[in-house]
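Numbering (full-length UniProt numbering), first residue to last: 1 to 249.
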């Protein structure tokens with residue numbers, strides 16, 4: 001098996017941590033980033049020679065280039081980029097401030113573009129993979145989710161354009177499903193006052209019925225896509241459990 005080098009954002013917990021765990025288990029090397037330094041340092045300590053990290057705010061203009069430089073300096077190449085970080089703001093559009101909208105788009109959209117652009121030359125060299133974690137909300141209208149859902153719809157459109165502009169890179173957007181993460185806890189805790197009652201109760205019901213996915217389920221699929229370029233799927237927005245991704249499950 002050829003060892004690959006992958007950058008993973010939002011890597012300290014949830015789906016990001018599951019992606020990294022799968023990659024490390026397959027002897028790949030990773031450069032990870034998140035706001036919290038401690039879990040990243042622990043990851044490096046427990047996997048000597050396989051992990052490098054950079055803790056910080058993903059919207060910092062300097063972090064994209066620094067992550068790519070770290071990958072090349074540490075491991076000599078870059079084969080994949082997984083954009084996993086995301087911000088959910090539960091607030092009806094009629095009451096959202098310009099600053100709140102900008103923050104969501106800075107995190108969910110613009111930081112991703114900057115990361116991709118910083119990595120393009122290296123991914124061209126390796127004919128690598130770009131995997132952007134999107135959401136089923138991109139194709140839905142949920143009260144109080146306007147900023148988040150629209151940002152994910154933008155992600156899908158942007159990713160599809162990279163696919164046609166960069167034919168040597170496999171570019172795929174993934175819907176990870178409803179996963180047992182901090183985001184789901186936020187929906188249950190904060191959504192009651194702003195979401196519709198039926199929609200909020202549906203999320204609570206899935207949780208109480210034990211229906212949330214484990215992060216490892218979509219995480220392993222996303223990780224495999226990062227190290228196994230699939231040009232025939234490039235430009236698509238796919239659910240992690242779709243028929244097209246059967247061979248990755």
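Each residue gets a CB set at the ideal place from its N, CA and C atoms; glycine is no exception.
Quick caveat, the model's predicted, so the values are computed rather than measured.
Near residue i, which residues of its chain fall below 6 Å by C-beta distance, leaving aside the five closest residues on each side in sequence?
i: residue 51; result: 30, 43 and 44
i: residue 239; result: 175
i: residue 90; result: 144, 190, 191 and 194
i: residue 338; result: Given that the chain is displayed from residue 1 to residue 249, the structure contains no residue 338 and the question cannot be resolved.
i: residue 196; result: 143
i: residue 105; result: 151
i: residue 85; result: 9, 10 and 58
i: residue 209; result: none
i: residue 215; result: 14, 15, 18 and 179
Measuring CB to CB, does residue i end up less than 8 Å from residue j?
i: residue 63; j: residue 128; result: no
i: residue 155; j: residue 109; result: yes
i: residue 248; j: residue 231; result: no
i: residue 81; j: residue 58; result: no
i: residue 9; j: residue 113; result: no
i: residue 14; j: residue 241; result: no
i: residue 213; j: residue 179; result: yes
i: residue 226; j: residue 101; result: no
i: residue 27; j: residue 3; result: yes
i: residue 184; j: residue 203; result: yes
i: residue 186; j: residue 88; result: yes
i: residue 47; j: residue 24; result: yes
i: residue 38; j: residue 11; result: no
i: residue 32; j: residue 53; result: yes
So, at 7 Å on beta carbons, what are the nonlocal neighbours of residue i in its own chain, with the 5 sequence-adjacent residues on each side left out?
i: residue 137; result: 145, 148, 149 and 152
i: residue 139; result: none
i: residue 219; result: 15, 18, 19 and 22
i: residue 245; result: 221 and 238
i: residue 126; result: 77, 78 and 79
If residue i and residue j are in contact, beta carbons under 8 Å, what's the gap, nearest whole angstrom?
i: residue 55; j: residue 40; result: 6 Å
i: residue 235; j: residue 157; result: About 10 Å; that fails the 8 Å criterion.
i: residue 75; j: residue 5; result: 4 Å
i: residue 173; j: residue 237; result: 4 Å
Using C-beta distances below 8 Å, list every residue in its chain close to residue i, excluding the 5 sequence neighbours before and after it, in chain order.
i: residue 124; result: 166, 168 and 169
i: residue 122; result: 68, 71, 72, 77, 78 and 128
i: residue 65; result: 118
i: residue 135; result: 86, 148, 149, 152, 175 and 176
If you follow the beta strand (DSSP E) that residue i is part of, which residue opens it and which one closes it?
i: residue 230; result: Element bounds for residue 230: n/a, residue is neither H nor E.
i: residue 33; result: 29-34
i: residue 9; result: 5-9
i: residue 238; result: 237-239
Which two residues bound the contiguous alpha helix (DSSP H) that contains residue i?
i: residue 205; result: 197-208
i: residue 18; result: 14-25
Hey, which unbroken runs of the beta strand (DSSP E) at 3 residues or more fall wholly within the segment 39-114? 51-55 and 80-83
Those runs of the alpha helix (DSSP H) which lie wholly inside the segment 105-187 and span at least 4 residues: 111-126 and 146-165
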